[in-house]
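Report on the structure given below.
There are 2 protein chains.
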Amino acid sequence: MTIDDAPRETLRGGPREMLRWVASGAAVSRADLSRLSGLSPSTVSQRVEALISQGLLEETGAGRSRGGRRPRQLAVPTGGAVVGAIDLGAHHARVGTLDLSGRVVQGRTLPVRIEDGPEAVLDALLAEVAALAAVPLSDQAARGDAAVGALRGIGIGIPGPVQHATGRIVSPSRMPGWNGFDVAAFCAGQIDVPVIVDNDANLMALGAHRTAHPELDHAVYIKAGTGIGSGVISSGRLHRGAQGSAGDISHCRVVADPAPPCTCGNAGCLEAVASGAALVTALREQGVPVSDLTGVLRLIDDGDRHATALARQAGRAIGEILAVVVNFFNPQVVAIGGRLADCEPLLASMRGTLYERCLPLATQTLLIERVSAGQDVGITGAAHLVIDHVVAAA
Amino acid sequence: MTIDDAPRETLRGGPREMLRWVASGAAVSRADLSRLSGLSPSTVSQRVEALISQGLLEETGAGRSRGGRRPRQLAVPTGGAVVGAIDLGAHHARVGTLDLSGRVVQGRTLPVRIEDGPEAVLDALLAEVAALAAVPLSDQAARGDAAVGALRGIGIGIPGPVQHATGRIVSPSRMPGWNGFDVAAFCAGQIDVPVIVDNDANLMALGAHRTAHPELDHAVYIKAGTGIGSGVISSGRLHRGAQGSAGDISHCRVVADPAPPCTCGNAGCLEAVASGAALVTALREQGVPVSDLTGVLRLIDDGDRHATALARQAGRAIGEILAVVVNFFNPQVVAIGGRLADCEPLLASMRGTLYERCLPLATQTLLIERVSAGQDVGITGAAHLVIDHVVAAA
DNA sequence: TTACTTAGTTTTGTGATCGAAGAAAGTGAG
DNA sequence: CTCACTTTCTTCGATCACAAAACTAAGTAA
Numbered sequence: 000m001t002i003d004d005a006p007r008e009t010l011r012g013g014p015r016e017m018l019r020w021v022a023s024g025a026a027v028s029r030a031d032l033s034r035l036s037g038l039s040p041s042t043v044s045q046r047v048e049a050l051i052s053q054g055l056l057e058e059t060g061a062g063r064s065r066g067g068r069r070p071r072q073l074a075v076p077t078g079g080a081v082v083g084a085i086d087l088g089a090h091h092a093r094v095g096t097l098d099l100s101g102r103v104v105q106g107r108t109l110p111v112r113i114e115d116g117p118e119a120v121l122d123a124l125l126a127e128v129a130a131l132a133a134v135p136l137s138d139q140a141a142r143g144d145a146a147v148g149a150l151r152g153i154g155i156g157i158p159g160p161v162q163h164a165t166g167r168i169v170s171p172s173r174m175p176g177w178n179g180f181d182v183a184a185f186c187a188g189q190i191d192v193p194v195i196v197d198n199d200a201n202l203m204a205l206g207a208h209r210t211a212h213p214e215l216d217h218a219v220y221i222k223a224g225t226g227i228g229s230g231v232i233s234s235g236r237l238h239r240g241a242q243g244s245a246g247d248i249s250h251c252r253v254v255a256d257p258a259p260p261c262t263c264g265n266a267g268c269l270e271a272v273a274s275g276a277a278l279v280t281a282l283r284e285q286g287v288p289v290s291d292l293t294g295v296l297r298l299i300d301d302g303d304r305h306a307t308a309l310a311r312q313a314g315r316a317i318g319e320i321l322a323v324v325v326n327f328f329n330p331q332v333v334a335i336g337g338r339l340a341d342c343e344p345l346l347a348s349m350r351g352t353l354y355e356r357c358l359p360l361a362t363q364t365l366l367i368e369r370v371s372a373g374q375d376v377g378i379t380g381a382a383h384l385v386i387d388h389v390v391a392a393a
Numbered sequence: 000m001t002i003d004d005a006p007r008e009t010l011r012g013g014p015r016e017m018l019r020w021v022a023s024g025a026a027v028s029r030a031d032l033s034r035l036s037g038l039s040p041s042t043v044s045q046r047v048e049a050l051i052s053q054g055l056l057e058e059t060g061a062g063r064s065r066g067g068r069r070p071r072q073l074a075v076p077t078g079g080a081v082v083g084a085i086d087l088g089a090h091h092a093r094v095g096t097l098d099l100s101g102r103v104v105q106g107r108t109l110p111v112r113i114e115d116g117p118e119a120v121l122d123a124l125l126a127e128v129a130a131l132a133a134v135p136l137s138d139q140a141a142r143g144d145a146a147v148g149a150l151r152g153i154g155i156g157i158p159g160p161v162q163h164a165t166g167r168i169v170s171p172s173r174m175p176g177w178n179g180f181d182v183a184a185f186c187a188g189q190i191d192v193p194v195i196v197d198n199d200a201n202l203m204a205l206g207a208h209r210t211a212h213p214e215l216d217h218a219v220y221i222k223a224g225t226g227i228g229s230g231v232i233s234s235g236r237l238h239r240g241a242q243g244s245a246g247d248i249s250h251c252r253v254v255a256d257p258a259p260p261c262t263c264g265n266a267g268c269l270e271a272v273a274s275g276a277a278l279v280t281a282l283r284e285q286g287v288p289v290s291d292l293t294g295v296l297r298l299i300d301d302g303d304r305h306a307t308a309l310a311r312q313a314g315r316a317i318g319e320i321l322a323v324v325v326n327f328f329n330p331q332v333v334a335i336g337g338r339l340a341d342c343e344p345l346l347a348s349m350r351g352t353l354y355e356r357c358l359p360l361a362t363q364t365l366l367i368e369r370v371s372a373g374q375d376v377g378i379t380g381a382a383h384l385v386i387d388h389v390v391a392a393a
């Protein structure tokens with residue numbers, strides 16, 4: 000099953016939002032929800048009623064009084080419905096199940112070999128999701144009568160350009176054998192739940208945004224790992240653009256001398272200058288024996304001159320592109336995630352370039368940060384995407 | 000009176016949209032409106048009733064039958080309420096009144112001297128608007144009993160950074176004496192109607208979008224005249240960003256050798272390379288005696304080698320920045336307006352650069368065009384902004 | 001015990017919308 | 001000219017999301 004149109008939160012304080020408030024601890028009682036949502040107590044009561052009857056929320060006894068009647072505490076049921084999520088990377092995939100509030104129930108990291116082709120890779124990952132979903136209570140005693148382990152949908156993040164609407168992969172740089180593959184259709188054939196496919200950077204953006212800044216309207220999240228991508232939040236929603244390729248800045252040209260050739264056939268692409276893969280290649284060409292990004296990061300940590308210089312150059316390159324983006328889009332926050340986000344020299348140069356090249360008005364109140372949520376950002380975003388559809392439809 | 004928050008079209012087929020449909024001729028009867036809006040006939044009838052009673056719509060007899068009952072024709076009353084609009088430019092201002100459907104009733108171009116300071120300039124322009132609004136039927140016989148010439152609000156476009164929320168101007172490049180001036184507050188003191196202030200590029204974007212592509216979700220409009228700005232439409236709405244500075248790409252750095260100094264203190268800014276002002280300066284430095292942009296455009300038309308080369312360079316510079324924007328934002332359409340939009344060599348280089356530097360996926364279905372609406376795009380956009388507020392509030 | 005707070009429910013009302021039914025005003029075939 | 005059928009538009013409940021008010025529940029503080 001493929002889902003093409005964006006979810007609409009018809010109602011202020013819709014079901015998703017309520018679930019999230021409760022799950023995050025922002026709301027514990029109906030009264031809290033009423034205050035948060037701005038809805039009247041009666042409406043909230045009615046809503047909560049509906050959510051409870053759907054098994055998406057449960058009452059867990061009474062809380063502390065604050066000078067009046069004690070609140071009836073609400074919680075997202077543990078062991079209830081879950082969604083599956085897959086965050087596919089260049090060498091590893093993060094797979095997990097999450098409850099309907101977006102909290103990770105189980106997460107696992109598996110090695111993958113992209114070059115084995117889509118069928119083999121996806122088969123293995125789907126099997127893992129199915130296995131996780133079937134035993135969501137592995138480490139807890141069975142409890143309650145809620146339908147245990149009902150898998151409501153799967154979200155998949157792909158490290159390359161995806162047409163979200165169709166679920167099809169389009170000309171990926173580093174995924175040989177995947178071009179044109181319809182991930183959504185394939186998965187739909189393997190497992191009978193809604194499958195939503197999106198770019199990994201988009202999912203990171205959504206996950207990070209919902210986790211760290213749900214209240215902000217406009218944000219840009221950069222994912223700098225083996226490749227470079229970005230996800231855009233506009234008016235609180237993921238902006239995908241006309242073809243679903245929004246945020247794909249990997250082949251924007253940056254000044255670099257010499258301009259390194261890119262897998263896309265051009266030279267001087269951001270990805271060819273500032274991605275993890277580019278750093279590895281560049282160091283090797285300088286005769287430094289590194290095998291992968293981990294090695295490069297270790298060298299930088301150790302203060303290696305060449306590696307650090309390259310990191311700085313990468314930071315400037317990212318900053319250069321990001322400066323245009325910030326001027327153009329004027330977001331409230333720019334956050335960088337991915338493995339390169341932990342590289343201090345890179346981050347520092349990026350920040351510097353950004354402040355130097357942006358309109359003062361645009362950087363005046365701009366937050367520039369690191370994506371804080373850890374290895375589960377991707378699957379969190381994927382889950383949110385699925386939840387947004389599944390719960391809204393409920 | 001200052002208006003701070005964005006308009007929300009709470010209702011599908013809201014009053015504005017209905018007015019626009021009727022005014023544009025897309026709808027002539029209630030039945031048409033029902034088909035267009037997807038609302039039930041009963042709802043439409045009720046709505047139309049309300050609009051008629053507010054004097055925003057009128058019935059003008061019966062139309063042709065199409066095999067059944069004849070439709071009762073609807074029209075936007077001529078000589079009814081109007082909004083005023085001012086599109087301030089570097090040397091001229093376009094001033095006009097528009098009816099509530101966004102159609103220009105009267106338009107006039109006045110010479111202005113920005114350097115006279117905000118009070119003098121705005122006083123003159125407001126006086127002109129007031130004069131126009133007082134006699135909206137100058138060339139028509141008085142007709143009907145509708146309140147004639149009721150001015151419902153004024154929209155103002157400023158050729159520099161504006162904090163839309165407050166109506167304050169922030170560090171403009173080419174507006175000496177205007178920095179920090181609160182246009183909205185000043186105007187509110189002079190004339191007692193809502194005043195909405197925005198950047199001129201934003202207004203051009205809104206005007207062009209509503210005129211040419213109201214059905215598209217994501218668009219970028221470039222205004223290339225004396226300066227360079229852009230306006231962004233995201234999800235059908237003007238995207239202003241965190242500080243209201245979104246779209247301000249004038250000080251993005253581009254490769255240029257030598258990098259010309261910019262008024263902002265940096266060098267190599269897009270504005271310093273590709274704006275009309277930059278072309279004039281550059282030609283003069285080459286010893287070509289031109290006094291203004293008109294002269295430059297004439298030289299290019301005449302095939303002057305230096306001027307044409309500069310125009311091409313400008314086109315490439317704009318294309319370079321636009322390529323990042325297109326990759327990042329993935330719009331459905333990019334349109335260029337302003338006086339430089341008629342410069343063929345510039346346009347050609349821009350297009351070329353864009354296709355060369357963008358992700359194929361992003362340009363695959365991308366429309367690249369010239370803004371077609373003429374000198375009234377700006378005031379049309381301004382009027383739409385005002386109407387969006389005024390009619391929605393009605 | 002009394003007064004006050006906070007929490008949550010029930011009842012009733014409002015506004016936007018839809019759907020069904022019907023009224024108004026035609027066309028066109030026989 | 002009549003009858004069947006269309007198209008247009010209105011009227012009249014029914015529904016849905018939400019709010020306001022009144023009320024119950026269950027506490028604290030004095």
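Sequences listed follow chains R and E, in order.
The working numbering puts the first sequence at residues 0 to 393.
The working numbering puts the second sequence at residues 0 to 393.
Idealized CB from N, CA, C, for every residue including glycine.
The segment 276-341 of chain R is shown to contain whole beta strand (DSSP E) runs of 3 or more residues at 332-336, in chain order. Counting only Cβ-Cβ distances below 7 Å, R/Gly240 has contacts in chain E at His217, Phe328, Asn329, Pro330, in chain order.
Its Cα nearest to that of R/Val325, the residue R/Ser233 stands out among R/Ala306, R/Ala61, R/Arg311, R/Ser233. From the beta-carbon of R/Val161, no residue of chain E is found nearer than 8 Å; the closest lies around 10 Å away. Cβ-Cβ distances below 8 Å link R/Val21 to Val27, Leu32, Leu56, Leu73, Ala74, Val75, Ser100 in the same chain, with the five nearest sequence neighbours on each side left out; the list follows chain order. If you draw a straight line from the Cα of R/Gly240 to the Cα of R/Ala89, it is about 25 Å long. Secondary structure of R/Val161 (DSSP, three-state): strand. At the C-beta level, R/Gly83 and R/Val128 come within 7 Å of one another.
At a cut-off of 7 Å, the C-beta of R/Ile227 has no neighbouring C-beta in chain E. A direct Cα-Cα distance of roughly 8 Å separates R/Asn201 from R/Gly228. Against chain R, a Cβ distance below 9 Å from E/Asp247 picks out Asn326, Phe327, Asn329, Leu358, Leu360, Ala361. Apart from sequence neighbours up to five positions away, the residues of its chain that approach R/Gly106 with a beta-carbon distance below 6 Å are Gly95, Asp375, ordered along the chain. When DSSP states are grouped into helix, strand and coil, R/Ser39 belongs to the coil group. Interface with chain R (7 Å Cβ-Cβ cutoff): E/Ile320 is included.
Residue burial is scored here from C-beta neighbours: E/Val390 has at least 16 other C-beta atoms within 10 angstroms and is therefore classed as buried.
For R/Thr364, the chain E residues whose C-beta falls within less than 9 Å of its own C-beta are Ala241, Gln242, listed in chain order. Bounds of any alpha helix (DSSP H) do not take in E/Arg63, whose DSSP letter is neither H nor E. E/Val182 counts as buried, since at least 16 other C-beta atoms from the protein chains shown sit within 10 angstroms of its C-beta. Under the three-state reduction of DSSP output, E/Thr59 falls in the strand class. Each residue's CA atom was taken as its position, placing R/Lys222 and E/Thr59 some 59 Å apart. DSSP links R/Glu368 through a beta bridge to R/Ala334. R/Ala245 is classed as buried because its beta carbon has at least 16 other beta carbons within 10 Å across all chains shown. A contact is defined here as three or more CB-CB pairs under 8 Å, and the segment 312-319 of chain E meets this definition with respect to the segment 341-354 of chain E.
In this structure, R/Pro70 lies away from R/His91, with their beta-carbon atoms at least 7 Å apart.
E/Thr96 carries a strand assignment under DSSP once its states are collapsed to helix, strand and coil.
The Cβ atoms of R/Leu150 and R/Ala132 lie closer than 7 Å to each other. Shown here, E/Gly206 sits in a helix according to DSSP, grouped into three states.
Contact annotation for E/Ser170 against chain R: Pro359, Leu360 [CB-CB distance below 8 Å, chain order].
The C-alpha of E/Thr379 lies about 11 Å from the C-alpha of E/Gly156.
In the three-state reduction of the DSSP assignment, E/Val390 falls in the helix class, which pools H, G and I.
Sequence-distant Cβ neighbours of R/Gln312 in its own chain, meaning closer than 8 Å and more than five residues away, are Ala255, Val272, Ala273, Ser348.
With the rule of 3 Cβ pairs closer than 8 Å, the segment 42-54 of chain E does not count as touching the segment 320-340 of chain E. Between R/Cys251 and E/Val253, the CB-CB gap reaches or exceeds 7 Å. Put simply, the CB of E/Cys342 is far from chain R, with every gap to its CB atoms at 7 Å or more. Per DSSP, E/Gln53 is not a residue of any alpha helix (DSSP H), being assigned neither H nor E.
For E/Gly88, there is no enclosing beta strand (DSSP E), since its DSSP letter is neither H nor E.
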